[in-house]
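Inspection log for the structure reproduced underneath, given as structure tokens.
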Amino acid sequence: MFRKFLNSIGVQENGNDSNKYKRIETYAAEEGIMLTDTNNNKLQQKMAKDEDDIVNVKNMRDDTRKYVVACAIFASLNSVLLGYDVGVMSGAIIFIQQDLKITETQQEILVGILSIVSLLGSLAGGKTSDTLGRKWTIAFACIIFQSGAAIMALAPSYQILMIGRLLAGIGIGFGIMIAPVYIAEISPSIARGSLTSFPEIFINLGILLGYISNYVFSGLPVHSNWRIMLGVGIAPSVFLGFALFIIPESPRWLVMQNRIEEARIVLLKTYDNTKEVDERLAEIQIAARIANADKYKEEAVWLEILNPSPAIKRMLITGCGIQCFQQISGIDATVYYSPTIFKDAGIKGNTELLAATVAVGFTKTVFILAAIFLIDKLGRKPLLYISTIGMTISLFCLSFTLTFLGDQRFGIGLAILFVCSNVAFFSIGIGPICWVVSSEIFPLRLRAQASGLGAVGSRVSSGVICMSFLTLSRAITVGGTFLVFSVISALSIVFVHTCVPETKGKSLEQIQMLFQKGSGLQVGGEIEMGDAECLVQRQ
Numbered sequence: 007m008f009r010k011f012l013n014s015i016g017v018q019e020n021g022n023d024s025n026k027y028k029r030i031e032t033y034a035a036e037e038g039i040m041l042t043d044t045n046n047n048k049l050q051q052k053m054a055k056d057e058d059d060i061v062n063v064k065n066m067r068d069d070t071r072k073y074v075v076a077c078a079i080f081a082s083l084n085s086v087l088l089g090y091d092v093g094v095m096s097g098a099i100i101f102i103q104q105d106l107k108i109t110e111t112q113q114e115i116l117v118g119i120l121s122i123v124s125l126l127g128s129l130a131g132g133k134t135s136d137t138l139g140r141k142w143t144i145a146f147a148c149i150i151f152q153s154g155a156a157i158m159a160l161a162p163s164y165q166i167l168m169i170g171r172l173l174a175g176i177g178i179g180f181g182i183m184i185a186p187v188y189i190a191e192i193s194p195s196i197a198r199g200s201l202t203s204f205p206e207i208f209i210n211l212g213i214l215l216g217y218i219s220n221y222v223f224s225g226l227p228v229h230s231n232w233r234i235m236l237g238v239g240i241a242p243s244v245f246l247g248f249a250l251f252i253i254p255e256s257p258r259w260l261v262m263q264n265r266i267e268e269a270r271i272v273l274l275k276t277y278d279n280t281k282e283v284d285e286r287l288a289e290i291q292i293a294a295r296i297a298n299a300d301k302y303k304e305e306a307v308w309l310e311i312l313n314p315s316p317a318i319k320r321m322l323i324t325g326c327g328i329q330c331f332q333q334i335s336g337i338d339a340t341v342y343y344s345p346t347i348f349k350d351a352g353i354k355g356n357t358e359l360l361a362a363t364v365a366v367g368f369t370k371t372v373f374i375l376a377a378i379f380l381i382d383k384l385g386r387k388p389l390l391y392i393s394t395i396g397m398t399i400s401l402f403c404l405s406f407t408l409t410f411l412g413d414q415r416f417g418i419g420l421a422i423l424f425v426c427s428n429v430a431f432f433s434i435g436i437g438p439i440c441w442v443v444s445s446e447i448f449p450l451r452l453r454a455q456a457s458g459l460g461a462v463g464s465r466v467s468s469g470v471i472c473m474s475f476l477t478l479s480r481a482i483t484v485g486g487t488f489l490v491f492s493v494i495s496a497l498s499i500v501f502v503h504t505c506v507p508e509t510k511g512k513s514l515e516q517i518q519m520l521f522q523k524g525s526g527l528q529v530g531g532e533i534e535m536g537d538a539e540c541l542v543q544r545q
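Numbering (the numbering used here), first residue to last: 7 to 545.
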């Protein structure tokens with residue numbers, strides 16, 4: 007089964023024509039860049055035939071495939087923490103309210119503040135990962151989150167609970183920003199889409215585990231059940247500790263630190279074709295040289311983000327926009343407040359409510375697993391169309407059901423169906439692809455900070471939605487709230503068509519060329535390296 011999974015996550019890579027690396031060397035000569043191999047010898051032009059350049063992940067050695075997948079899995083363990091927190095809080099909040107006697111407003115703040123405060127981690131994550139490295143930033147995120155989780159589990163009051171929640175939020179901000187960046191930088195182009203979706207897969211797995219935890223421990227005394235629910239989330243840190251001895255540092259970060267030999271060793275573990283390793287190393291050296299050229303200015307990266315060129319502006323609109331649409335269409339509200347939704351539909355009793363949420367978590371997990379098989383086969387954009395259109399229809403139908411068919415057995419069944427279909431369409435498209443696209447499109451010199459900025463947009467949007475859902479539902483009903491979400495989801499279809507390019511099968515350096523000219527955003531045509539401009543936008 008595992009071998010079949012490994013064999014299914016890749017497709018052929020396109021666009022490796024015989025002139026590609028000739029152009030790279032021409033550009034390198036103009037810039038005074040010496041492309042080297044491990045012996046510091048100048049790389050020769052790559053004139054191989056197309057059939058020698060095309061590498062299919064199915065033809066990779068078993069040990070190479072397993073190594074790449076293992077790195078993606080271990081790097082994604084932080085995402086289990088986020089997912090578990092989202093899932094477990096949906097049920098734990100019921101018992102926290104009963105035990106600590108908190109108000110509805112305090113419930114909203116407790117649920118939503120984690121997303122808001124995570125922006126601190128996301129903003130700091132870019133600089134931290136450029137300084138410490140991608141690998142150790144993942145470890146740092148885990149330590150902060152686990153500290154917060156422990157405080158929440160032992161909290162004697164609402165105030166202490168909030169302190170733990172704030173720490174956990176900062177850790178999540180680091181984690182959700184760095185995991186997709188690390189995986190995108192270490193993965194072969196042919197499997198990058200599937201592998202970069204791993205964090206979203208593990209978020210969904212965490213959500214399912216959180217829902218199951220709610221159901222399993224709901225029968226315990228109110229004073230202790232929610233503490234056990236929150237405390238169980240500490241467990242993944244043990245596995246992540248072992249993972250740090252297995253996963254390597256990002257080869258692109260190593261090149262930026264001028265550790266070329268170490269970068270090549272890592273690439274040799276993720277590609278089993280030496281020629282492909284040398285070609286990728288050549289691309290990375292060029293991108294890293296441009297990235298490092300501005301390092302003497304501490305503020306250079308943020309200055310470029312705040313005052314972007316047209317190409318960088320298009321990247322920011324795409325990366326940050328898709329992150330925001332992922333959240334403002336109401337997915338976190340659906341997950342956090344699924345007991346509230348089902349209660350409004352007519353389900354009575356905490357046990358029944360929590361059992362219904364398990365069905366939601368199971369659906370999310372199954373469809374995110376389906377996405378990993380499709381993302382590098384169908385491409386990013388077709389799945390985004392399927393996802394956003396399906397979500398729009400599901401949200402509208404859920405709104406209709408809650409408004410006109412509430413408190414009926416038939417209406418309860420439809421409400422569960424439409425909630426599950428909404429999370430299914432989310433999980434097969436915009437859920438994982440959001441992180442894939444936002445980690446692919448930015449130049450190496452901006453990737454960490456720009457990805458962090460996108461994660462900030464995601465978390466702030468999530469926080470605003472979660473902190474206002476109960477208030478908005480009381481004002482315009484739960485059904486009316488989901489009608490608003492359906493309109494926002496419809497707008498996301500337009501955004502996908504207008505602003506999101508197809509990136510399937512292209513290297514990170516190739517993708518950047520799509521944004522040099524705006525015409526590449528609505529079509530999925532091939533691009534060539536270095537035709538008229540640099541591999542990445544230069545300052």
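No residue lacks a Cβ here, since even glycine has one placed at the ideal position from N, Cα and C.
This structure is a prediction, so every number in the text was calculated from the model and none was measured.
Beta-carbon spacing of Gly212, Gln455 below 9 angstroms: Translated into the one-based positions of the sequence shown, residue 212 becomes position 206. Translated into the one-based positions of the sequence shown, residue 455 becomes position 449. In this structure, Gly212 sits away from Gln455, with a CB-CB distance that is not shorter than 9 angstroms.
Asn220 - DSSP class collapsed to helix/strand/coil: Within the sequence shown, numbered from 1, the residue matching residue 220 stands at position 214. DSSP places Asn220 within a helical segment (H, G or I) once states are collapsed to three.
Whether Ser479 touches Met397 by CB criterion (9 angstroms): Residue numbering aside, residue 479 sits at position 473 when the sequence shown is read from its first letter. Residue numbering aside, residue 397 sits at position 391 when the sequence shown is read from its first letter. At least 9 angstroms separates the beta-carbon of Ser479 from that of Met397.
C-alpha distance - Leu120 paired with Asn279, whole-angstrom precision: Residue 120 sits at position 114 when you count from the first residue of the sequence shown. Residue 279 sits at position 273 when you count from the first residue of the sequence shown. Rounded to the nearest angstrom, the two C-alpha atoms are 44 angstroms apart.
DSSP-derived helix/strand/coil call for Pro438: Taking the first residue of the sequence shown as position 1, residue 438 is located at position 432. Helix.
Proximal residues to Asp413 (C-beta, below 8 angstroms), its chain only, five neighbours per side dropped: Residue mapping note: residue 413 aligns to position 407 of the sequence shown, counting from 1. Once the five neighbours on either side are set aside, the close Cβ partners of Asp413 are Ala351 and Gly352.
Uninterrupted alpha helix (DSSP H) stretches inside the region 414–472 (no shorter than 4 residues): With a minimum length of 4 residues, the continuous alpha helix (DSSP H) runs that stay inside the region 414–472 are 415–434 and 436–446.
Gly127 and Ile169 closer than 9 angstroms at C-beta: By one-based count along the sequence shown, residue 127 stands at place 121. By one-based count along the sequence shown, residue 169 stands at place 163. For Gly127 and Ile169, no; Cβs fall outside 9 angstroms.
Nearest-angstrom beta carbon gap, Asn210 and Thr371 [assumed within contact, 8 angstroms]: The residue you call residue 371 lines up with position 365 of the sequence shown. The residue you call residue 210 lines up with position 204 of the sequence shown. Sure, about 5 angstroms apart at Cβ, within 8 angstroms.
Status (buried if at least 16 other CB within 10 Å, exposed otherwise) for Gly463: Position 457 of the sequence shown holds residue 463. Looking at its Cβ environment, which holds 16 or more other Cβ atoms inside 10 Å, Gly463 is buried.
Nearest candidate by alpha-carbon position, reference Ala496, set Asn220, Leu401, Ser427 and Lys141: Taking the sequence shown and counting its residues from 1, the one referred to as residue 496 is at position 490. Distance check between Ala496 and each of Asn220, Leu401, Ser427 and Lys141 places Leu401 closest, using alpha-carbon atoms only.
C-alpha gap between Thr134 and Thr143, whole angstroms: As a position in the sequence shown, residue 134 is number 128, starting the count at 1. As a position in the sequence shown, residue 143 is number 137, starting the count at 1. Answer to the nearest angstrom: the Cα atoms are 7 angstroms apart.
Closer than 9 angstroms to chain D by CB, Cys326: Among the chains in the structure shown there is no chain D, since it carries only a single protein chain.
Under the three-state DSSP convention, the category Val63 falls into: Residue mapping note: residue 63 aligns to position 57 of the sequence shown, counting from 1. No answer about Val63 holds up, because its pLDDT of 41 lies below 50 and its placement is not dependable.
Residue closest to Leu452, alpha-carbon to alpha-carbon, out of Leu83, Arg295, Ala362 and Gln152: As a working note, residue 452 is residue 446 in the sequence shown. Checked all of Leu83, Arg295, Ala362 and Gln152; the closest Cα to Leu452 is Arg295.
Rounded C-alpha distance that separates Val75 from Glu110: Residue mapping note: residue 75 aligns to position 69 of the sequence shown, counting from 1. Residue mapping note: residue 110 aligns to position 104 of the sequence shown, counting from 1. Looking at the two C-alpha atoms, the distance is approximately 43 angstroms.
With 16 other Cβ atoms within 10 Å as the buried cut-off, status of Gly225: Along the sequence shown, read from residue 1 onward, the residue named residue 225 stands at position 219. With fewer than 16 other beta carbons inside 10 angstroms of its own, Gly225 counts as exposed.
Contact set for Phe406: own chain, Cβ-Cβ below 6 angstroms, skip 5 residues either direction: Start at 1 with the first residue of the sequence shown, and residue 406 comes out as number 400. Counting only residues of its own chain and dropping the five nearest sequence neighbours on each side, Phe406 has no CB closer than 6 angstroms to any other CB.
Three-state secondary structure assigned by DSSP to Val283: In the sequence shown, the residue the question calls residue 283 occupies position 277. Val283: helix per DSSP, three-state reduction.
Leu226 - DSSP class collapsed to helix/strand/coil: For the purposes of this step, residue 226 is taken as residue 220 along the sequence shown, with counting starting at 1. Residue state, collapsed to three classes: coil.
Minimum C-alpha distance to Leu260 - residue among Leu138, Leu214 and Thr346: Here residue 260 is taken as the residue at index 254 of the sequence shown, counted from 1. Minimum Cα distance to Leu260 is reached at Leu138.
Supposed close pair Ile234, Ile374 - CB separation, criterion 8 angstroms: Translated into positions along the sequence shown, residue 234 becomes position 228. Translated into positions along the sequence shown, residue 374 becomes position 368. Contact doesn't hold; Cβ gap of about 27 angstroms is too wide.
Pairwise C-alpha distance: Ser124 and Ile150: Translated into positions along the sequence shown, residue 150 becomes position 144. Translated into positions along the sequence shown, residue 124 becomes position 118. Rounded to the nearest angstrom, the two C-alpha atoms are 11 angstroms apart.
Environment of Leu380 [buried if 16+ CB atoms lie within 10 Å]: The sequence position of residue 380 within the sequence shown is 374, counting from 1. With 16 or more Cβ atoms within 10 Å of its Cβ, Leu380 is classed as buried.
Leu476 beta carbon less than 9 angstroms from that of Gln103: Taking the sequence shown and counting its residues from 1, the one referred to as residue 103 is at position 97. Taking the sequence shown and counting its residues from 1, the one referred to as residue 476 is at position 470. Their beta carbons are not under 9 angstroms apart, which means Gln103 does not touch Leu476 by this criterion.
Phe204 versus Ala130 - alpha carbon distance: Position 198 of the sequence shown holds residue 204. Position 124 of the sequence shown holds residue 130. C-alpha separation (whole angstroms): 23 angstroms.
Segment contact flag, the region 280–295 with the region 382–395, C-beta cutoff 8 angstroms, min 3 pairs: At 8 angstroms Cβ cutoff, the stretches do not touch.
7 angstroms Cβ shell around Phe368 - same chain, five flanking residues per side excluded: Here residue 368 corresponds to residue number 362 of the sequence shown, with the count starting at 1. Cβ within range, chain order: Leu214.
Assumed close pair Ile332, Cys426 - CB separation to whole angstroms, cut-off 8 angstroms: The residue given as residue 332 occupies position 326 in the sequence shown. The residue given as residue 426 occupies position 420 in the sequence shown. For clarity, residue 332 is Gln in the given sequence; the question names Ile instead. In this structure, Gln332 and Cys426 do not form a Cβ contact; the two beta carbons are roughly 18 angstroms apart against a cut-off of 8 angstroms.
Distance CB(Ser96)-CB(Asn220) smaller than 9 angstroms: Start at 1 with the first residue of the sequence shown, and residue 96 comes out as number 90. Start at 1 with the first residue of the sequence shown, and residue 220 comes out as number 214. A distance below 9 angstroms separates the beta carbons of Ser96 and Asn220.
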